[in-house]
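What follows is a single structure, written as structure tokens, with notes after it.
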Amino acid sequence: MSTHINAANQGEIAKTVLLPGDPLRAKFIAETFLDNAVCYTDIRNMLGFTGTYKGVPISVQGTGMGMPSMGIYSWELITEYGVENLIRIGTAGSFHEEIDIGDIVVGVAASTDSNYIHAFDVPGNYAPCASYELLMKLNKASEETGHGFKAGNIVSCDVFYETTEDWWRRWKSMGVLAVEMEAAALYMNAAYHRVNALAMMTISDHFVTGAKATTKQRQEEFTKMMELALETAIK
């Protein structure tokens with residue numbers, strides 16, 4: 003069994019899992035949206051819950067920050083617990099004026115500066131991308147809920163505090179929408195194991211304007227992302 007989610011028994015984790023980085027956000031989702039939610043793991047305080055949403059079993063698992071942490075949790079959910087659909091719900095920093103604080107961004111593809119791909123021994127570059135199946139379900143959920151989103155290329159970076167001034171402008175010049183730290187690893191793990199993955203993020207920081215989400219915005223706008231992810235999960 004896994005060494006990081008080993009409090010969970012087989013069958014306690016649903017086939018579809020939402021993946022917030024913050025374990026307390028996992029707890030909030032479970033308590034706010036899921037019926038009969040039960041905590042199946044608190045190992046390393048990385049909380050995981052399973053309940054039902056509109057009668058459908060759904061799990062929500064904290065993953066921590068960065069690709070190494072996402073890589074561990076998503077790998078174990080897939081290989082040890084048979085998870086088939088993994089939906090990241092997190093935050094990102096916008097590179098474009100028209101993508102504002104509170105907007106939801108979906109990574110159709112995830113560029114990266116990470117060497118995470120070395121684990122798969124690919125003889126060249128690899129383009130991590132989202133599941134088409136989940137993208138179609140997301141589009142339907144968006145139409146039904148009225149929660150819109152922007153979709154395109156994002157970048158998953160290993161470093162949060164970059165020392166090169168305006169480093170992000172090079173990614174912007176290639177049409178990359180925003181930066182986060184986990185999606186590329188999630189997409190690679192999902193591709194390798196032939197399961198579905200999707201990453202959606204709420205913009206919490208803006209590289210062009212310097213704006214940052216307020217506490218009120220984080221509470222209200224993040225909830226829209228959670229609802230959109232849950233509706234996608236049950237399609």
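Per this note's numbering, the sequence shown starts with residue 3, numbered consecutively. Using N, Cα and C, we set each Cβ at its ideal position, and we do this for glycine too. Computed from a predicted model, the values in this text were never measured in an experiment.
If you count every other CB in all the chains shown that lies within 10 Å of the CB of residue 26, and 16 or more means buried, which is it? exposed
Local conformation of residue 27 per DSSP, three classes: helix
For the beta strand (DSSP E) containing residue 205, list its first residue and its last residue. 198-208
Three-pair Cβ contact test at 8 Å for the segment 200-209 versus the segment 77-95: yes
Which value, in whole angstroms, describes the spacing of the CA atoms of residue 129 and residue 153? 16 Å
Let me make sure I understand the geometry here. Which of 156, 219, 8 and 236 has the alpha-carbon closest to that of residue 75? 8
What number of angstroms, rounded off, separates the C-alpha of residue 169 from the C-alpha of residue 219? 27 Å
Alpha carbon to alpha carbon, what distance is there between residue 81 and residue 54? 22 Å
With a cut-off of 8 Å, do at least 3 Cβ pairs link the segment 24-39 to the segment 59-74? yes
I'd like the span of the beta strand (DSSP E) that includes residue 54, first residue to last. 50-55
Between residue 224 and the ligand ATP, is the CB less than 6 Å from at least one heavy atom? For the structure depicted, the ligand ATP is absent and the ligand set is empty, with no information on it obtainable.
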